[in-house]
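Chemist:
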Amino acid sequence: MSANLTLVAVVGVLFAAGVYLLLERSLTRVLVGVILIGNGVNTLFLVASGPAGRAPIVGLNDVDDMSDPLPQALVLTAIVITLGVTAFLLAMAYRAWQLHEHDDVQDDVEDALIRRRAERDEASSSYDDSAGGTMDEEGTDDASEAASRADLAASAGPEGEAR
Amino acid sequence: MNATALVPLPVVLPLFGAGLAFALGRSARAQRVVSLVVLALMVIIAAVLVYRADTDGPQVMEVGGWDAPLGISLVADRLSALMLLVSAIVALSVLVYSLGQGVVEYGPDTPLSVFHPTFLVLVAGVANAFLSGDLFNLYVGFEILLAASYVLLTLGGTGERIRAGTTYVVVSLVSSIIFLTAIALTYAATGSVGLAHLAGRLDELPDGISLLLQLMLLTAFAIKAAVFPLSAWLPDSYPTAPAPVTAVFAGLLTKVGVYAIIRTQTLLFPDSALSDLLLWAALLTMLIGILGAVAQSDIKRMLSFTLVSHIGYMVFGVALASDAGLSGAIYYVVHHIVIQTNLFLVAGLIERRGGSTSLERLGGLARLSPVLAVLFFVPAMNLAGIPPFSGFLGKLGLMQAGVDNGSPLAYALVVGSVVTSLLTLYAMAKAWNRAFWQAPNPVGPRETTDMHRKPVRTDSPEPAGRVAAVAMRGALAGPAAALLAVGLAMTVFAGPLFALTDRAASDLRERTPYIEAVLPGGAP
Numbered sequence: 059m060s061a062n063l064t065l066v067a068v069v070g071v072l073f074a075a076g077v078y079l080l081l082e083r084s085l086t087r088v089l090v091g092v093i094l095i096g097n098g099v100n101t102l103f104l105v106a107s108g109p110a111g112r113a114p115i116v117g118l119n120d121v122d123d124m125s126d127p128l129p130q131a132l133v134l135t136a137i138v139i140t141l142g143v144t145a146f147l148l149a150m151a152y153r154a155w156q157l158h159e160h161d162d163v164q165d166d167v168e169d170a171l172i173r174r175r176a177e178r179d180e181a182s183s184s185y186d187d188s189a190g191g192t193m194d195e196e197g198t199d200d201a202s203e204a205a206s207r208a209d210l211a212a213s214a215g216p217e218g219e220a221r
Numbered sequence: 021m022n023a024t025a026l027v028p029l030p031v032v033l034p035l036f037g038a039g040l041a042f043a044l045g046r047s048a049r050a051q052r053v054v055s056l057v058v059l060a061l062m063v064i065i066a067a068v069l070v071y072r073a074d075t076d077g078p079q080v081m082e083v084g085g086w087d088a089p090l091g092i093s094l095v096a097d098r099l100s101a102l103m104l105l106v107s108a109i110v111a112l113s114v115l116v117y118s119l120g121q122g123v124v125e126y127g128p129d130t131p132l133s134v135f136h137p138t139f140l141v142l143v144a145g146v147a148n149a150f151l152s153g154d155l156f157n158l159y160v161g162f163e164i165l166l167a168a169s170y171v172l173l174t175l176g177g178t179g180e181r182i183r184a185g186t187t188y189v190v191v192s193l194v195s196s197i198i199f200l201t202a203i204a205l206t207y208a209a210t211g212s213v214g215l216a217h218l219a220g221r222l223d224e225l226p227d228g229i230s231l232l233l234q235l236m237l238l239t240a241f242a243i244k245a246a247v248f249p250l251s252a253w254l255p256d257s258y259p260t261a262p263a264p265v266t267a268v269f270a271g272l273l274t275k276v277g278v279y280a281i282i283r284t285q286t287l288l289f290p291d292s293a294l295s296d297l298l299l300w301a302a303l304l305t306m307l308i309g310i311l312g313a314v315a316q317s318d319i320k321r322m323l324s325f326t327l328v329s330h331i332g333y334m335v336f337g338v339a340l341a342s343d344a345g346l347s348g349a350i351y352y353v354v355h356h357i358v359i360q361t362n363l364f365l366v367a368g369l370i371e372r373r374g375g376s377t378s379l380e381r382l383g384g385l386a387r388l389s390p391v392l393a394v395l396f397f398v399p400a401m402n403l404a405g406i407p408p409f410s411g412f413l414g415k416l417g418l419m420q421a422g423v424d425n426g427s428p429l430a431y432a433l434v435v436g437s438v439v440t441s442l443l444t445l446y447a448m449a450k451a452w453n454r455a456f457w458q459a460p461n462p463v464g465p466r467e468t469t470d471m472h473r474k475p476v477r478t479d480s481p482e483p484a485g486r487v488a489a490v491a492m493r494g495a496l497a498g499p500a501a502a503l504l505a506v507g508l509a510m511t512v513f514a515g516p517l518f519a520l521t522d523r524a525a526s527d528l529r530e531r532t533p534y535i536e537a538v539l540p541g542g543a544p
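Protein sequences, first through last, are from chains A and B. Heads up: the first sequence is residues 59 to 221, going by my numbering. Heads up: the second sequence is residues 21 to 544, going by my numbering.
Here's what the structure looks like:
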C-alpha cells in the first residue's frame, strides 16, 4: 500500500500541535487542541483509504478508478460528532467564564482537602514526625481542625484551589 | 416469530422517544409517560432478545439491507443481550427515582425539558454500543452516550458541575480520539471495520501491528472503564452530578467500556500478548481504588472509588481469558451494574434525609429512618461480598478461575481480590457505622458548613398534598428497593444465571458462533 507522505506529515503536525494545546489549563486552548486533533484523525482516515481516485458513484466511473467510499462516510460521521462536541465545549468554556471570569480547568476540591490534611498530619495519628515529614513545607501552622475546615471551605470558592 | 426485527429497537425506540419528549417539552407529564413507556418496552424487548439469543444463537440485523462485510450489522448474542437487559432494568429504575426526585433537583435551576430526552439518548447510546457489530458503530454508540452524559453531568451549569464536567469531557474526548485513531489504523491495516470480519483479518497481520492496534483499543476502552492508571478522572467527576445521574453513570458508562474490552479482547485478539499487563492493571485497579475509598469521608466519593476498585475484578476475569474467568467477569459485570447503581441511589436518599453525604455530618440515621438503613446495608454487604449475596458468588467464580490458571500472578490476584473485599467491607462498615449507627452528630446533620455541596432543599416548591408526598417518597425508595430485590434475585437464581454466563463465555472463546452469524458465507 502506498501512502501519501504529505498527508502523513500533516497528520503528524496536527496531532503534535493538538496534544500540546490539550495539555494547557485554559479550556479554550484545549478546545482548539481538540479541533486540531479531530482534523488530524480525519486526515488519517484519508491516508488509510489509500490512493485518491474518482468519485465512488456506480455507473459514473469505472470501479477500478474509484477511491474507497467507506472512509469518506466514516470521516463525515466523525466531522459531525466533532462539530457537536466542539459546540458543547465552547458553551462550557463560556459558562466557566461567566461564573469565574476565567476558563481554567480547576483542581478537585476534595483532593485539595486531602492534600492539606496530609500536610497537617491529620490523617494518621501513628505518623512518625521524627522520621522526616516530607509533606509539610506549607501547612505547618497548627490551626485547629475546625478552623482549617472553615478556612478550606472559604478558599474553595469559585476560584478553586490554588494551583 | 422472527426476533431479528427486534434487534434495532433498543436503539431506535429511545431515540424516537427522545425526539418525542423534546417535542412535548412543555408538558412534564407527557415527557414522563413517554420515557416510562419507552424504557418499559426496552426491558421487555431485551428480555425477549436474551431468550432468543440463548436458544437460537446470535440474532443479527443488517441495517440498511447490505450484507455483512459492507453494511452495518447489529448483533445481539448472549453477552450483548444480557448486558442490554440489565442496563434497561437499571435505566428504568433510575428514571422512576428521578421522577420522584424531579421537582426538587430539576426544578428551579434546570429546565425539566432537558432531562428526559437526554436520558433517553444516553440509553440509546448504551444500547447501540452493546449491539454494534463493527468498530465504527461502536464509536458512534460511545459518542451518543458521551454527548448525553456531558449534558447530564453539567445539568444546571453550576460552578461545581462545570468544574467536574470539564475534567470529564476533556478525558472522554481524549479517549474518543485514541479510539478513532485506532479505527483509522485498523482500517488502513485490514481494510475493514466489521468485528466479525476483523476477527479473521487481524490474525494475518504481523504481530507488531496487531499488538499496536490492541494496545490503542485497550487504552481507549480502559479510560472509559476507569482501569487503574487511567481512572483518576472518575472520582473527581461523578459525585457532583445529581444522584440519579451519578447512579446511571456509575452503573452503565464504565460497564460499556468493560463490555468493549471483553468484546474486542475475545473476538479480535484471542491469543492476547497483553494478558500479563491486564492482570497487573486489574491488581492495581483493585488495590489502589479501594485504598482511595477507605480514605474518603464522603459517601458519594467513597462509592466512586469502590466503583474504580471493582472494575479490577472484571478486568481480572477478562485477562485470565479462560471460560471460567470470562463467565465470572460477565456475572460480575451484571452484579455490579445493579449494586453500584443501587448504592448511588441510596446515597441520594441519604443526602435527602440527612442533608449531606459527608460522613462527618451524618449520624443516627438508623433511628430516623430504619428503611433507609436496610436499603443501604444490604447492597453494601453485597458489594463487599458477604457470602449469601451475588457479590460473593461473582468473586468466588473469579477466584476459582484464578486458581485454575495457577500462575504466580494469578495467585497474587486471588490474594489481592480477597484483600480488596475485606477493605470494601471495612469502608462500607465505616460508612454504615458513621451515618446510621453512631449517635446523631452534635453539630447536627443539617449544619450547612459542609463544603462539598450546598444543602439539598427538602421542601417541595409547590405545596403538595400528603398523598403526593407519600407517592413521591415511594417513587424514590421504590427503585432502590427494586434494585435490591434484583440483587437478591441474582443470588437465588445464581444457578441459571451462571449457566447463561458460562454459555456466553464459551461463545466468546469459540468466536465461531458470532462470526458465522454475521458472515454466513464465511469471510470473503
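Even glycine gets a Cβ: it sits at the ideal position worked out from N, Cα and C. Remember, it's a predicted structure, so these values are computed and weren't measured experimentally.
Starting from the N-terminal side, write out each stretch of the alpha helix (DSSP H) that is 4 residues or longer and does not extend beyond the segment 400 to 440 of chain B.
Modeler: With a minimum length of 4 residues, the continuous alpha helix (DSSP H) runs that stay inside the segment 400 to 440 of chain B are 410 to 425.
Chemist: Looking at the unbroken beta strand (DSSP E) that takes in Ala-261 (chain B), where does it start and where does it end?
Modeler: Where Ala-261 (chain B) is concerned, there is no enclosing beta strand (DSSP E), given that its DSSP letter is neither H nor E.
Chemist: Output yes or no for whether 8 Å exceeds the beta carbon distance between Tyr-351 (chain B) and Phe-139 (chain B).
Modeler: Contact: no.
Chemist: Just reading off the beta strand (DSSP E) that Val-80 (chain B) is part of, what are its end residues?
Modeler: Per DSSP, Val-80 (chain B) belongs to the beta strand (DSSP E) from 79 to 83.
Chemist: Could you name the residues of the same chain whose beta carbon sits closer than 7 Å to that of Asp-200 (chain A), not counting the 5 residues immediately before and after it, in chain order?
Modeler: The pLDDT assigned to Asp-200 (chain A) is 41, lower than 50, so where the model puts this residue is not dependable; a value taken from the coordinates is nonetheless given after this. Counting only Cβ-Cβ distances below 7 Å, and skipping sequence neighbours, we find nothing.
Chemist: DSSP three-state label for Arg-162 (chain A), please.
Modeler: The question names Arg, but residue 162 (chain A) in the sequence shown is Asp. Reduced to three states, the DSSP call for Asp-162 (chain A) is strand.
Chemist: Inspect the CB distances between the segment 192 to 200 of chain B and the segment 161 to 176 of chain B and report whether three or more fall short of 8 Å.
Modeler: These segments touch.
Chemist: Any idea what DSSP makes of Gly-153 (chain B), helix, strand or coil?
Modeler: Note: Gly-153 (chain B) maps to coil in three-state DSSP.
Chemist: Along the chain, where does the alpha helix (DSSP H) that runs through Leu-365 (chain B) open and close?
Modeler: Its alpha helix (DSSP H) spans residues 343 to 374.
Chemist: On the three-pair Cβ rule with 8 Å, is the segment 529 to 536 of chain B touching the segment 420 to 436 of chain B?
Modeler: Cβ pair count under 8 Å is below three, so no.
Chemist: Note down the Cα distance separating Leu-65 (chain A) from Ser-93 (chain B), rounded to an integer number of angstroms.
Modeler: So the alpha carbons of these two residues sit roughly 31 Å apart.
Chemist: Using the C-alpha atoms, what's the distance from Arg-373 (chain B) back to Val-124 (chain B)?
Modeler: Low confidence applies here, because Val-124 (chain B) scores a pLDDT of 45, under 50, leaving its location unreliable and the question unanswered by this model.
Chemist: With a threshold of 8 Å between beta-carbons, can Thr-135 (chain A) be considered close to chain B, or not?
Modeler: Yes - at least one Cβ of chain B is within 8 Å of the one on Thr-135 (chain A).
Chemist: Where does Val-116 (chain A) fall in DSSP's three states?
Modeler: Here Val-116 (chain A) sits in strand by DSSP.
Chemist: Enumerate in chain order the residues of its own chain whose CB-to-CB distance from Ser-441 (chain B) is below 7 Å, with the five nearest sequence positions on each side excluded.
Modeler: Within the same chain, Ser-441 (chain B) has close Cβ partners Ala-404, Gly-405, Lys-415.
Chemist: Just the Cα atoms here: how many angstroms apart are Asp-479 (chain B) and Gly-498 (chain B)?
Modeler: With a pLDDT of only 43 at Asp-479 (chain B), under the threshold of 50, the placement of this residue in the model should not be trusted; the figure read from the coordinates follows. Computed Cα separation, rounded: 20 Å.
Chemist: Out of curiosity, what's the CA-to-CA distance linking Val-143 (chain B) and Arg-174 (chain A)?
Modeler: Each residue's alpha carbon lies about 40 Å from the other.
Chemist: Could you check what DSSP says for Ser-251 (chain B) in three-state terms: helix, strand or coil?
Modeler: Looking at Ser-251 (chain B) - three-state DSSP - the assignment turns out to be coil, as it is neither helix nor strand.
Chemist: Between Leu-119 (chain B) and the rest of its own chain, which residues show a CB-CB distance below 7 Å, the 5 nearest in sequence each way excluded?
Modeler: Arg-52, Ala-495.
Chemist: Against Arg-153 (chain A), what residues of chain B qualify as contacts under a CB-to-CB distance less than 7 Å, listed in chain order?
Modeler: Within 7 Å Cβ-Cβ: Gly-177, Ile-182.
Chemist: Consult DSSP for Asp-318 (chain B) and reduce its assignment to one of helix, strand or coil.
Modeler: Residue state, collapsed to three classes: strand.
Chemist: Taking the alpha-carbon of Phe-364 (chain B) as reference, which of B:Ala-263, B:Asp-256, B:Gly-176 has the nearest alpha-carbon?
Modeler: For Phe-364 (chain B), the nearest C-alpha among the options comes from B:Ala-263.
Chemist: Along the chain, where does the beta strand (DSSP E) that runs through Ala-96 (chain B) open and close?
Modeler: Note, Ala-96 (chain B): beta strand (DSSP E), 92 to 96.
Chemist: Please check if any C-beta of chain B sits within less than 8 Å of the C-beta of Gly-142 (chain A).
Modeler: Yes, because at least one Cβ of chain B sits closer than 8 Å to the Cβ of Gly-142 (chain A).
Chemist: Where do the ends of the alpha helix (DSSP H) carrying Phe-513 (chain B) lie?
Modeler: Counting along the chain, Phe-513 (chain B) falls outside any alpha helix (DSSP H), and DSSP gives it neither H nor E.
Chemist: Against Phe-156 (chain B), what residues of chain A qualify as contacts under a CB-to-CB distance less than 7 Å, listed in chain order?
Modeler: Those within 7 Å of Phe-156 (chain B) in chain A are Leu-132.
Chemist: If you scan the segment 93 to 143 of chain A from start to end, which runs of the beta strand (DSSP E) of 3 or more residues do you find wholly inside it?
Modeler: Segments of the beta strand (DSSP E) lying fully in the segment 93 to 143 of chain A: there are none.
Chemist: In three-state terms, what does DSSP make of Ser-212 (chain B)?
Modeler: Correct three-state label for Ser-212 (chain B): coil.
Chemist: Are the C-beta atoms of Ser-182 (chain A) and some chain B residue less than 8 Å apart?
Modeler: Residue confidence is low: Ser-182 (chain A) scores 47 on pLDDT, short of 50, so the model does not pin down where it sits. Its coordinate-derived value is still stated next. It does not: the Cβ of Ser-182 (chain A) has no partner Cβ on chain B nearer than 8 Å.
Chemist: If you follow the alpha helix (DSSP H) that Gln-458 (chain B) is in, where does it begin and where does it stop?
Modeler: Counting along the chain, Gln-458 (chain B) falls outside any alpha helix (DSSP H), and DSSP gives it neither H nor E.
Chemist: For Ala-106 (chain A), go through chain B and note every residue whose CB falls closer than 8 Å to its CB, in chain order.
Modeler: The answer, in chain order, is Ala-204, Leu-205, Tyr-207, Ala-208.
Chemist: Would you report the Cα separation of Val-68 (chain A) and Leu-299 (chain B), rounded to the nearest angstrom?
Modeler: Near 38 Å, if we compare the C-alpha coordinates of Leu-299 (chain B) and Val-68 (chain A).
Chemist: Evaluate Lys-474 (chain B) with the Cβ neighbour count: other Cβ atoms within 10 Å of its Cβ, from every protein chain shown; 16 or more gives buried, anything less gives exposed.
Modeler: Per-residue confidence for Lys-474 (chain B) stands at a pLDDT of 43, beneath the threshold of 50, marking its modelled position as unreliable; no derived number is given.
Chemist: In whole angstroms, what is the alpha-carbon distance linking Ser-378 (chain B) and Ala-421 (chain B)?
Modeler: Straight-line Cα distance between these residues: approximately 38 Å.
Chemist: Grouping DSSP H, G and I as helix and E and B as strand, with all else coil, what is Ser-378 (chain B)?
Modeler: In the structure shown, Ser-378 (chain B) sits in a strand (DSSP, three-state: E or B).
Chemist: Only counting the same chain, and skipping five residues up and downstream in sequence, which positions put a Cβ closer than 6 Å to that of Thr-140 (chain A)?
Modeler: Result list for Thr-140 (chain A): Gly-96, in chain order.
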